[in-house]
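One structure is given below, encoded as structure tokens.
Numbering (our numbering), first residue to last: 4 to 68.
In structure tokens:
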């Protein structure tokens, strides 16, 4: 897959800006900090996804009774 496959269609989207940012000028410390922040965001996003799945399952179980 190309990078464009992951880019949102809106040009002003923060994710699009993040994915296309030039990493060349960043120092090793800045790159490490960026990776740590991105990993934390991945965990936050996965937790939200899990919460949404659990919420949906709970709602479906409630209405099946």
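Beta carbons are placed, not taken as given, at the ideal position from N, Cα and C, and that holds for glycine.
I need the straight-line Cα distance from residue i to residue j, nearest angstrom please.
{"i": "residue 32", "j": "residue 39", "result": "11 Å"}
{"i": "residue 30", "j": "residue 24", "result": "14 Å"}
{"i": "residue 46", "j": "residue 26", "result": "22 Å"}
{"i": "residue 17", "j": "residue 48", "result": "15 Å"}
{"i": "residue 63", "j": "residue 56", "result": "11 Å"}
{"i": "residue 51", "j": "residue 58", "result": "10 Å"}
{"i": "residue 28", "j": "residue 44", "result": "23 Å"}
{"i": "residue 20", "j": "residue 37", "result": "14 Å"}
{"i": "residue 54", "j": "residue 34", "result": "30 Å"}
{"i": "residue 60", "j": "residue 22", "result": "33 Å"}
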